Each structure stands twice: as C-alpha cells, then as structure tokens.
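In UniProt numbering, the protein residues as written are 1 to 534. The structure under discussion appears below in the form of structure tokens.
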C-alpha cells in the first residue's frame with residue numbers, strides 16, 4: 001500500500017478547510033459538490049466522543065449510520081465534527097486511485113487534530129495490514145468483520161490497546177456460491193446490521209417490521225439512502241469492488257419497508273435506493289421481480305413523496321422494471337444506468353454486454369413511457385485495446401442518448417483486476433487526450449439536454465433554504481451526482497418563495513438553465529414538509 005504521492009500537507013490543508021463542517025464527497029468526475037453535515041451529538045455519561053467522517057458513495061453513508069447506531073447504543077457521543085473528538089473514524093473509499101488518495105490524505109489530516117484515528121470502510125477492508133503498516137498515523141485499521149463490535153474496538157483504541165489489522169481476503173469466498181443460500185451465512189455485511197442486546201431489546205426471531213432499526217441518522221436533510229443489498233456477482237474486468245465487498249446479498253422487503261418507515265418518521269421525504277447492483281435485487285430471495293414489487297410499496301409510505309432507484313445494470317434492466325420506474329406514482333422516472341462504454345468490442349473486453357444501438361433502444365423504451373424521464377451514466381475512456389473507432393462509437397452514443405448527467409473516468413489499473421493484466425495498454429498521454437475530449441463533450445451535451453427542459457414543468461423537492469436561496473432537485477436530478485434546480489420568486493401569484501422549507505415538494509416551470517442546473521418558478525405546492533411552521 002503506497003503512501004499518497006502529493007505531500008501530506010496538501011491533504012491536511014484540504015482537511016482543515018472543511019473542518020469543523022465535515023462533508024461526504026462522492027469521488028466521481030461529475031460530483032456536484034460536498035454536502036454539509038450537521039453535528040447531531042448528544043452528551044453521554046462518560047463523555048467518549050467519536051467523529052464519523054464518510055468518504056465515497058451513498059452506500060458508505062448508510063454503513064456509517066449503522067456504525068453510529070451501534071456506538072450510540074454503547075454510550076458514545078456520535079458526531080460528524082472532528083473538533084474535540086476522542087476518536088476519528090474515517091469511513092474510507094477504495095474504488096479508484098483518486099478516491100484512495102483522498103482517503104489517505106483525510107486519515108493523515110485527521111491525525112493532526114490530536115484524536116485517535118481509525119480507518120474503516122472499503123480501503124481499510126481492501127488493504128488491511130498493508131495499510132496499517134504503511135500508515136502508522138492510524139491507531140487501527142478495521143475490517144467489515146469488526147463492525148458488529150465497533151464499540152469494543154474503539155474502546156480498545158481509546159485505552160491505548162493494540163488492535164491487530166486483518167489480512168485481506170476475497171470476501172466473495174466467504175459466502176455460498178448459490179445466491180439463495182447466502183442469507184444463512186454468518187458473515188458481516190455492512191448496512192445489513194444484525195441487532196444485538198446493546199442495540200435493541202427484541203431478538204432475531206422478532207419480525208423485521210417490529211424491530212428497532214439499527215441506524216442513526218447523521219444529518220437532518222429530507223433525503224436519505226436506503227441500501228437494497230451488498231456485494232456484486234458480476235465480474236467486470238476493471239472493477240475490484242466484488243473482491244472486498246463480497247458476493248451479492250439482498251435485504252428482505254420487510255426489512256427495507258421497516259427502515260423506510262423509520263426514515264420517514266425522521267423527516268425523510270425522498271428515498272434513494274442504493275447497492276452495487278440494484279437490478280439484481282431479489283435474485284437470492286427467489287424473486288427476480290422483487291424490485292418492481294417493492295417500488296410501489298415504498299412510494300406508499302406516509303411522508304415519502306419520491307423514491308429513486310440507482311445503480312442499474314443495463315444488461316439486467318428488464319422491461320417490467322423499466323415500466324415500474326417510469327409509471328409508478330411517487331417513483332422518480334429516473335434511470336441511473338451503468339453503461340461504462342458503448343462500443344461492443346470494448347464492452348466484451350470489460351466483460352460486459354450491450355452496444356450503442358441496444359442502449360439507445362433501452363433509453364427509448366423508458367422515454368416512450370415517460371417522455372421527460374431522466375437518465376445518467378458513467379463511462380471509462382482509455383480502456384486497454386480501445387481504438388479510435390471505439391471512441392467514435394462512444395461519441396455516437398453520447399450524442400444520440402440525450403443523457404442528463406454524464407460522468408467520465410480515465411482508465412487506470414486497479415490492483416487485482418483482470419484489466420490490469422490485459423494487453424493493449426494505451427499511453428498516459430492518449431488516455432488523457434481522450435478523457436479531455438469526452439469530458440468536454442459530456443459537459444456540452446448535458447447543457448444542451450438541460451436547455452431542452454426550458455418551459456417544461458418539473459416537480460422539485462426543496463433540499464436547502466439558505467439566505468433566501470431555495471435549492472432543490474427535479475425528478476431527473478439525483479442528490480450530489482447530478483444537477484440541481486434553483487427556485488426563484490414568481491411574478492404575481494404562484495408559491496410564496498419565503499415560505500418554502502426543506503422537504504417541500506412543489507411544481508415549477510423551468511425558466512432558465514446554467515449548465516446542467518435549472519432555474520424554475522414554483523407554481524404550486526404539491527406536498528408541504530410536515531411539522532414546518534408556515
């Protein structure tokens with residue numbers, strides 16, 4: 001495990017810049033920026049204070065909230081503000097090199113606060129003892145297997161005891177090969193927290209809908225992620241995630257509904273369904289149509305006004321699922337499709353399936369049911385063996401696809417992946433040139449797509465109201481990774497802008513665009529956030 005190539009002072013400066021307001025950042029090229037986190041700590045008897053700092057994706061945020069619940073149940077003060085913390089736990093990201101660099105820099109900078117520093121999350125799981133040996137600033141490097149006993153692990157760190165780091169292993173090998181047999185295995189699955197006496201009074205035989213939810217929210221915003229499943233059974237040549245996240249395991253519908261109802265009671269208005277591969281949801285439960293059935297049930301929960309599915313695999317996106325997403329009331333007609341490329345030869349080398357024409361047909365089927373449906377995807381350029389013709393095919397797809405948001409990654413080798421050993425590697429200069437070209441094209445195309453929405457009516461969920469600026473998101477805009485919509489005062493009639501609060505859902509008319517972002521005038525209130533004074 002290599003230390004970061006930039007000098008550590010760079011990371012420390014970045015870290016101090018975001019203290020005490022710690023943020024959770026998604027390390028993707030189209031990241032819409034950091035989201036402020038509010039300190040929700042409450043005094044505890046013994047004063048042990050832990051800061052949970054989350055890097056990476058929304059799945060990591062759910063994992064952090066499980067850890068928060070476990071720690072709070074053991075008497076810890078739980079916060080997202082590292083100032084004054086006894087222990088700082090950094091929930092790291094290990095997806096790509098840039099994310100790993102950010103994780104290491106954050107760990108180094110956290111050590112400057114004088115707190116004990118603990119590495120958890122994907123990078124910690126992926127490198128284990130190697131990370132611990134190369135990063136003495138961290139007092140402990142934890143595995144996912146440590147999560148059920150997180151309070152004891154942090155207690156040992158605080159007491160100055162040595163916590164041995166694990167030797168990494170392929171977590172796919174910990175679960176049965178047959179998906180339907182996996183739920184019976186006693187393997188720690190982040191975000192699937194198994195309750196203990198310390199966290200709840202009920203036992204494992206209590207029906208899920210009667211159990212206390214093992215989760216403690218770390219912010220008060222109107223949007224929250226709901227983890228459908230963990231792990232992945234796909235074998236994409238460029239991806240190391242299955243090796244350290246493990247094989248695919250779904251959560252049961254009753255568990256998800258119970259957690260969604262709990263989230264709604266905390267003020268959540270939009271649920272974002274996350275996993276490594278949401279289109280596989282239910283295959284290990286014996287029901288490949290489980291997600292199609294779950295969506296309307298989630299949308300019917302009192303207080304929830306929008307449900308958004310994310311992380312869809314194009315090759316597994318069935319017509320029934322397209323219809324459910326496009327036509328179910330309360331479900332955002334939004335398609336977060338992991339295309340990665342569109343040239344068939346490149347996709348085959350990636351161990352993926354599809355083509356430009358097949359992907360365009362999939363998008364057309366969604367828009368036939370919901371003409372204003374949103375769509376986004378990520379793409380890798382510079383994959384081994386990629387030719388100029390392959391790039392031209394990708395340009396053809398992007399030009400015709402009319403995507404609302406496009407993330408572009410430049411290919412880099414990842415430890416332990418098949419792609420790292422493939423022939424036909426492109427020079428760094430070639431990869432950069434192609435990346436720059438595609439990134440510029442993506443910006444232009446997404447701006448054009450936003451302009452197509454001028455004059456249209458959108459439903460906007462208000463996220464923040466700050467110094468009179470009201471910002472939210474339309475149905476085609478997912479939190480953090482896509483654009484946003486700024487609401488401006490109407491000229492006579494309409495909705496009183498000063499009365500709007502986070503969690504309100506309004507109908508608005510798009511009047512202007514700023515890149516991928518929209519500007520809209522609110523026409524009417526659809527659903528007011530409960531409990532807000534008007």
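Ideal placement from N, C-alpha and C gives every residue a C-beta, glycine not left out. As the structure is a prediction and not an experimental result, all values here were calculated from the model.
The beta carbons of residue 369 and residue 333 sit closer together than 9 Å. Its Cα nearest to that of residue 80, the residue 218 stands out among 386, 218, 281, 498. In this structure, residue 508 places its C-beta atom within 9 Å of the C-beta atom of residue 458.
Beta-carbon to beta-carbon, residue 350 and residue 238 are separated by about 6 Å, close enough to satisfy the 8 Å threshold.
If you draw a 10 Å sphere on the C-beta of residue 121, you find 16 or more other C-beta atoms in it, and that means buried. If you ignore the 5 residues before and after residue 397, its C-beta comes within less than 6 Å of the C-beta of 342, 356, all in its own chain and listed in chain order. The DSSP-derived three-state label of residue 127 is helix. With fewer than 16 other beta carbons inside 10 angstroms of its own, residue 389 counts as exposed.
Here residue 353 has 315 as same chain residues with Cβ atoms under 6 Å from its own Cβ, once five neighbours each way along the sequence are excluded. Within a 10 Å sphere around the beta-carbon of residue 469 sit fewer than 16 other beta-carbons, which makes this residue exposed. Distances from the alpha-carbon of residue 235 to those of 276, 255, 261 put 276 closest. One thing to note: residue 517 has its Cβ no nearer than 9 Å to the Cβ of residue 495. Contact between residue 505 and residue 461 holds: CB atoms are separated by about 5 Å, below the 8 Å threshold. When 456, 413, 407, 433 are compared, the shortest CA-CA separation from residue 444 is found for 407. DSSP, read as helix, strand or coil, puts residue 313 in coil. Taking the CA atoms as reference points, residue 278 sits about 7 Å from residue 228.
In the three-state reduction of the DSSP assignment, residue 374 falls in the strand class.
Here the alpha carbon of residue 417 sits roughly 6 Å from the alpha carbon of residue 240. Here the alpha carbons of residue 379 and residue 405 stand approximately 11 Å from one another.
Taking the C-beta atoms as reference points, residue 89 is found no nearer than 9 Å to residue 183. By the neighbour-count definition (other C-beta atoms within 10 Å, threshold 16), residue 297 is an exposed residue.
Within the same chain, Cβ atoms closer than 6 Å to the Cβ of residue 103 are found at 55, 92, 93, 123, the five residues on either side in sequence being excluded.
By the criterion of at least three beta-carbon pairs nearer than 8 Å, the region 471–483 is not in contact with the region 251–269.
When the Cα atoms are used, residue 441 and residue 395 turn out to be separated by approximately 8 Å.
For residue 100, the closest C-alpha among the options 168, 127, 78 is that of 127.
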